[in-house]
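Data first, discussion second: the structure below is written as structure tokens.
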Amino acid sequence: MIKNFKKYALLFLLIISGLQFLHAQETKSIQEKYPEVFNINPYTFDLTELAQIDLEDLKQQAYFLMLQKDYETAARFYLYIVNRSMNDASACYDLARCYAYLGQAGYAANFLILAINNGFNNFTFIREDEAFNQLQQNPEFFNRYQAVLNAGKSLGENIYVKGEKLIKCRVLLPENYQPEISYPLVIGMHGFSGTTEEFTKLWAYFEKHSFIFVMPEGPYNAYSDVSVRPIAYSWDIRVEDIDLYKRADNLSSQFIINVKKYVSEKYNIEKSYIMGFSQGGGYAYVTGIKNPEEFEGIICFGASLPDTKKYPWFLSEEDIVKGNKLKVFIAHGTEDHIKNANEAKKILKKNGYEVEFHEFEGGHFVEPNAFKAALEWLGIQ
1 MIKNFKKYAL LFLLIISGLQ FLHAQETKSI QEKYPEVFNI NPYTFDLTEL AQIDLEDLKQ
61 QAYFLMLQKD YETAARFYLY IVNRSMNDAS ACYDLARCYA YLGQAGYAAN FLILAINNGF
121 NNFTFIREDE AFNQLQQNPE FFNRYQAVLN AGKSLGENIY VKGEKLIKCR VLLPENYQPE
181 ISYPLVIGMH GFSGTTEEFT KLWAYFEKHS FIFVMPEGPY NAYSDVSVRP IAYSWDIRVE
241 DIDLYKRADN LSSQFIINVK KYVSEKYNIE KSYIMGFSQG GGYAYVTGIK NPEEFEGIIC
301 FGASLPDTKK YPWFLSEEDI VKGNKLKVFI AHGTEDHIKN ANEAKKILKK NGYEVEFHEF
361 EGGHFVEPNA FKAALEWLGI Q
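Heads up: the sequence shown runs through residues 1 to 381, numbered per my numbering.
Okay, here's the thing in structure tokens:
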């Protein structure tokens with residue numbers, strides 16, 4: 001019995017020793033493969049060494065370069081992003097588009113397939129994307145392109161059905177909030193691919209808070225073309241069907257009115273204002289102008305006034321005329337890639353709006369001091 005025990009104990013020790021040896025060999029192999037990771041001491045480290053460039057900011061810049069048809073520079077940005085986030089389906093897809101415009105069939109096909117493998121699933125968009133038109137005669141690209149479209153057919157057709165759901169909003173109340181006192185309400189609408197949490201950071205820039213700040217979340221996933229979705233939201237639906245756009249746009253505006261009414265019932269509200277950044281700024285324009293009885297003023301950062309000729313269902317010239325009792329504060333960065341903020345000022349002033357235009361140094365973001373200036377001009381802060 002003792003003899004058998006010694007035999008099994010020896011065998012157990014040999015197995016453990018072997019596993020430890022294999023683990024040491026595996027660890028050594030990993031260290032050789034990723035030296036930059038093992039150079040980090042998990043107990044004493046400098047956070048600045050771990051800091052990375054904001055990839056979402058880079059994606060916005062890359063997309064802007066694509067709009068300018070600077071496809072080579074845009075490809076550089078997207079390659080940087082994909083190199084650090086290989087499973088970013090939307091970046092892979094846009095990189096495929098850049099290479100298609102540059103006439104690089106092999107790269108275009110490879111990154112298109114990588115986008116599909118990472119979860120990009122808008123096959124209707126792929127089929128109708130003009131970026132790939134010029135490569136249709138290239139057999140290297142065409143065969144793989146057709147294979148992608150055939151794979152899409154097996155998934156079936158997308159349809160969209162109206163349904164009710166509860167959408168998250170964040171509420172920030174003044175210090176020592178008292179229910180018997182009435183407060184101004186500011187509804188803040190984030191930009192495309194934003195979140196409610198982003199706007200909460202603005203609260204910290206005020207030493208004293210004299211208003212209620214409500215931040216609704218966009219009702220749609222910003223990356224609905226991707227099966228594996230990052231947490232990011234949009235105010236519009238990401239489809240090519242114009243009829244769906246029309247329905248969805250009106251529903252988003254109505255949602256903001258619902259938010260305003262709900263908050264007004266829950267809290268003691270004096271006057272209401274709507275504020276938006278980028279895409280959220282466009283929806284703030286529309287929601288405020290089409291509902292002048294609900295709001296006293298509008299604050300827009302880095303946003304365009306929707307074109308009444310291009311999007312007449314969203315905002316009409318008649319809507320603009322009827323909403324001219326509103327006060328509008330437009331804030332815009334000197335380096336912002338959205339260039340027609342001045343056009344919004346001209347149109348609104350021409351139609352009788354009281355408009356304040358505030359330009360600040362910088363690009364596409366909500367500048368805290370400009371936000372303070374907006375609240376002061378409107379008599380909120």
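All C-beta atoms in this analysis are idealised placements derived from N, C-alpha and C, irrespective of residue type, glycine included. All values derive from a computational prediction rather than experimental measurement.
Cutting at 8 Å between CB atoms, please list the residues of its own chain near residue i, excluding the five before and the five after it.
| i | result |
| --- | --- |
| Ile237 | Tyr160, Tyr220, Ser224, Leu244, Tyr245, Ala248 |
| Glu175 | Lys208, His209 |
| Ile181 | Asn268 |
| Ala75 | Leu95, Cys98, Tyr99, Leu102 |
| Ala24 | Note that Ala24 scores 46 on pLDDT, short of 50, meaning its location in the model is unreliable; the coordinates nonetheless yield the value given after this. Nothing meets the Cβ criterion. |
| Ser85 | Leu55, Ala91 |
If you check the beta carbons only, do residue i and residue j fall under 8 Å apart?
| i | j | result |
| --- | --- | --- |
| Lys290 | Asp319 | yes |
| Gly281 | Gly302 | yes |
| Lys386 | Glu217 | In the structure as shown, the chain starts at 1 and stops at 381, and residue 386 therefore has no counterpart that could be examined. |
| Phe199 | Met215 | yes |
| Gly352 | Thr334 | no |
| Leu112 | Tyr93 | yes |
| His358 | Ala344 | no |
| Asn133 | Ala89 | no |
| Ala232 | Gly194 | yes |
How close, in whole Å, do the beta carbons of residue i and residue j come, if the pair is a contact with beta carbons under 8 Å?
| i | j | result |
| --- | --- | --- |
| Glu356 | Phe329 | 5 Å |
| Tyr71 | Leu102 | 5 Å |
| Leu67 | Val82 | Rounded, the Cβ-Cβ distance is 20 Å, inconsistent with contact. |
| Ser463 | Tyr283 | Within the shown structure, residues of the chain are numbered from 1 to 381, placing residue 463 beyond reach of any answer. |
| Phe123 | His337 | Contact flag wrong, Cβ pair sits at about 30 Å. |
| Tyr205 | Leu378 | With a Cβ gap of about 17 Å, Tyr205 and Leu378 do not count as contacting. |
| Ser278 | His364 | 7 Å |
| Phe141 | Leu135 | 4 Å |
| Phe125 | Glu240 | 6 Å |
| Pro292 | Lys260 | Pro292 to Lys260, Cβ: 13 Å. No contact. |
| Ile347 | Phe211 | Between Phe211 and Ile347 the Cβ distance is about 28 Å, and since that is not below 8 Å, they are no contact. |
Going along the chain, which residues of its own chain have a beta-carbon closer than 7 Å to the beta-carbon of residue i, five neighbours each way excluded?
| i | result |
| --- | --- |
| Phe213 | Leu172, Val186, Gly188, Trp203 |
| Gly156 | none |
| Ser316 | Thr308 |
| Asn138 | Ala105 |
| Gln178 | none |
| Phe314 | Asp249, Val286, Pro306 |
| Glu294 | Ile257, Lys260, Ser272 |
| Arg127 | Leu149 |
| Tyr8 | Because Tyr8 carries a pLDDT of 46, less than 50, the predicted location of this residue cannot be relied on, and no value is offered for it. |
| His332 | Gly302, Ala341, Glu359 |
What does residue i pair with, by DSSP beta-bridge criteria?
| i | result |
| --- | --- |
| His358 | Ala331 |
| Pro216 | Cys169 |
| Ile299 | Met275, Phe329 |
| Ser234 | Tyr220 |
| Ile269 | Tyr183 |
If you drop the 5 nearest sequence neighbours on each side, which residues of the same chain put their C-beta closer than 6 Å to that of residue i?
| i | result |
| --- | --- |
| Ser264 | none |
| Ile299 | Met275, Phe329, Ala374 |
| Lys271 | Pro184, Glu296 |
| Thr196 | Arg170, Met215, Glu217 |
| Val366 | Phe277, Phe301 |
| Ser234 | Phe192, Gly218, Tyr220, Ala222 |
| Ala62 | Ala74, Phe77, Tyr78 |
| Glu354 | Lys327 |
| Gly152 | Phe123 |
| Leu58 | Phe77, Ile81 |
| Ala131 | Arg97, Ala100, Tyr101 |
| Tyr107 | Tyr99 |
| Asn87 | Asn118 |
Any beta carbon of chain B sitting closer than 8 Å to that of residue i?
| i | result |
| --- | --- |
| Gly282 | The displayed structure is made up of one protein chain only, and chain B is not part of it. |
Practice task
Within the stretch 138 to 196, note down every full beta strand (DSSP E) run reaching 3 residues or more, in order along the chain.
Solution key: When DSSP assignments are scanned along the stretch 138 to 196, the uninterrupted stretches of beta strand (DSSP E) that are 3 or more residues long and fall wholly within it turn out to be 169 to 172, 183 to 189.
Practice task
Please go through the stretch 50 to 76 and give each complete alpha helix (DSSP H) segment of 4 or more residues, from N-terminal end onward.
Solution key: 55 to 67
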